[in-house]
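Following my numbering, the numbering of the sequence shown begins with 3 at its first residue and continues without gaps. All C-beta atoms, glycine included, are put in the ideal place defined by N, C-alpha and C. For reference, the structure discussed in these notes is given below.
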Amino acid sequence: MPDSILNFLDNDFREPRSRAWLDDTNPATGESIARLPDSGAEDVDDAVRAAHAAFPGWSSTPAEQRSKILLRLADLIEQNLDALALAECHDTGKPLSLCTRVDIPRAASNFRFFAHAITTTRSEFHDTDGVAINYTLRRPLGVVGAISPWNLPLYLFTWKIAPALATGNCVVAKPSEVTPMTAFLLAKLCVEAGLPRGALNILHGRGATCGGAIVEHPLIKAITFTGGTTTGETIARSAAPRFKKLSLELGGKNPNLVFADADMDDAIETSVRAAFTNQGQICLCGSRVFVERPAYDAFVERFVERASRLKVGDPLDPGTDIGSLVSREHREKVARYVDLAREEGGEILLGGRPPAQPVNDRCARGAFYEPTVITGLSPRCRVQQEEIFGPVVTITPFDDEAQAIEFANCTPYGLASTVWTRDLSRAHRVAARIEAGIVWVNCWMLRDLRTPFGGVKHSGVGREGGDEALRFFTEPKNVCVKIGHEAQGTRQ
Ligand code: NAD
């Protein structure tokens, strides 16, 4: 792996103008693995100008040609699967098996999906009673900014870049400064895939400085952001008076409702996965489990037993289920919430601490934390209201359908949710009343890239995925052509 990460600007690899650097650490070992640019407003300006200059060429490149380049990029990601997965593992501390099975293949899927979508997309047409025809032209926006988080680094970075590029925009993108490595490696593959100069520019740096300068830059027309709700608020405050198009994918505190008639084997197995995959650091994790009272005791017992068999270990070990959290600071935040749960009267049935022994010598300084199960908390206490973003799940009983919905909806968030029941009517009824952008029925994390993705309330604004992403990254223009005479009156 390279020990110096560089900005990717106009298909060149450059140091930051300031010559200032940040440190990239492997959280599983505590070792520094690379330095990365601490880019500022000058670097952002260089990148935006490169993107702006590239826009006329890239946006007028036929869709089929753009598609071919993105398909090549998808192939290259797959050909480099092992190297990318290892880099993601070192950067995040997550199990290598997860990077190999999910993170990197999904990054390739993102490019492949939007490469195909752009060749099959269509626009609207409205026939105005034979008097006029209206059609909608959809044109790329220009230069767009993409800012992504550390939890699914390449997966979410490409989730934004792929549709932006496919629709003919040029992009200035910033991965999280905590996990920059795979975005840097992607830049090299972009050159190999034949992406023209300036179409994609990748800058590294801190949120407030580098990210802030992207949001503020007058030539950037739209911002697609995935990250925390507080950051989303800061970005919205800066982007709104500049009239930028904004897509915000923010935090979650997702409810997982288990009715007593559910297939309990499946519900327990999947709920454990939903709580602890990626150490609970997925915005879609089911961190609040609610179980119908008659099934509650047995569910809790079996859930704890299943979770206790998850192996916390070296991310490189193929048998590891739970790797390191993304940093020691993040582990401290998680630990503070578990302390708060104790203060709020919660009972810690499993975990609630880092492993008693280091998982091995290599990982002695890693940011590991045991899968933690807490009961006995009110759905309205802070631990059940605030996003912890770690391997911590609460389980709470409910009495009936109305109360299940009330508990599901009682946080400021509304990203994803899961309902477990064999009662078809109830599944549809509850799905319609949950305040969330996504409802999974008898499953979790089953993704179809054509579906709208995003949240309500404090979980975000706007949708990405499928046609929604193609719409976000294009500006619609209605063209009205008069073709006949109006029968009566004047249309206005
Ligand atoms: P974060 O908000 O701290 O950072 C996200 C990105 O924003 C990083 O690249 C960061 O450098 C940048 N940033 C920070 N401050 C900025 C500013 N003032 N202006 C511009 N950019 C700025 O989030 P994180 O800690 O990296 O990620 C975890 C959060 O992301 C969690 O809240 C999680 O729920 C959320 N998330 C949401 C989704 C979703 O699809 N809704 C997906 C994954 C993660």
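Taking a C-beta distance under 9 angstroms as the contact criterion, residue 39 and residue 13 do not qualify as a contact pair. For residue 199, the secondary structure class from DSSP, reduced to helix, strand or coil, is coil. In this model, residue 308 and residue 465 are separated by some 35 angstroms (Cα to Cα). Exposed is the label assigned to residue 363, since fewer than 16 other Cβ atoms lie within 10 Å of its Cβ. Of all C-beta pairs linking the stretch 383 to 402 to the stretch 277 to 290, three or more are shorter than 8 angstroms, placing the two stretches in contact.
Contact between the stretch 327 to 340 and the stretch 298 to 308 is absent: fewer than three C-beta pairs spanning the two stretches fall below 8 angstroms.
Residue 270 and residue 244 have their alpha carbons spaced roughly 47 angstroms apart.
According to DSSP, residue pairing for residue 233 in a beta bridge does not occur. Relative to the ligand NAD, residue 127 has its C-beta separated by 8 angstroms or more from all heavy atoms.
Within the same chain, and ignoring the five residues on either side of residue 194 in sequence, the residues whose Cβ sits closer than 7 angstroms to its Cβ are 78.
Distance from the C-beta of residue 247 to the nearest heavy atom of the ligand NAD is not below 8 angstroms.
Exposed is the label assigned to residue 66, since fewer than 16 other Cβ atoms lie within 10 Å of its Cβ. Taking the Cα positions, residue 84 is about 43 angstroms away from residue 383. Within 10 angstroms of the beta-carbon of residue 213 lie 16 or more other beta-carbons, which makes it buried.
In this structure the stretch 29 to 38 lies against the stretch 366 to 376, because at least three pairs of beta carbons, one per stretch, are closer than 8 angstroms. Scanning 311, 109, 41 for the CA closest to the CA of residue 157 turns up 109. The three-state secondary structure of residue 23, taken from DSSP, is strand. The three-state secondary structure of residue 367, taken from DSSP, is coil. Inter-residue distance for residue 55 and residue 16 is about 18 angstroms (C-alpha atoms, whole angstroms). Burial is judged here by how many other beta carbons sit within 10 angstroms of a residue's own beta carbon; residue 480 has fewer than 16 and is exposed. CA-to-CA, the gap between residue 105 and residue 154 works out to about 7 angstroms. Here the C-alpha atom of residue 462 lies approximately 45 angstroms from the C-alpha atom of residue 486. Shown here for residue 238: same chain residues with a beta carbon closer than 7 angstroms to its own, the five before and five after excluded, namely 248, 250 in chain order. Boundaries of the beta strand (DSSP E) around residue 419: 418 to 422.
Secondary structure within the stretch 210 to 255: the beta strand (DSSP E) runs of 3 or more consecutive residues, fully enclosed, are 222 to 228, 247 to 251 (chain order).
When DSSP states are grouped into helix, strand and coil, residue 128 belongs to the strand group. For residue 17, the three-state secondary structure derived from DSSP is coil. Considering only 426, 275, 88, 472, the residue with the shortest C-alpha distance to residue 286 is 275.
Judged by DSSP secondary structure, residue 10 falls within the beta strand (DSSP E) whose first and last residues are 9 to 11. By the Cβ criterion, the stretch 87 to 100 is not in contact with the stretch 137 to 144, since fewer than three pairs of Cβ atoms, one from each stretch, lie closer than 8 angstroms. In terms of Cβ geometry, residue 112 and residue 187 do not form a close pair [threshold 9 angstroms]. Between the stretch 440 to 460 and the stretch 252 to 263, the count of C-beta pairs closer than 8 angstroms reaches three or more; the two stretches touch. With a 10 Å radius around the Cβ and a threshold of 16 neighbouring Cβ atoms, residue 312 comes out buried. Residues of the same chain with a CB within less than 6 angstroms of the CB of residue 454, apart from the 5 flanking positions on each side, are 465, 467, 470 in chain order.
Each residue's CA atom was taken as its position, placing residue 350 and residue 235 some 33 angstroms apart. Just so you know, the alpha carbons of residue 436 and residue 411 end up roughly 6 angstroms apart.
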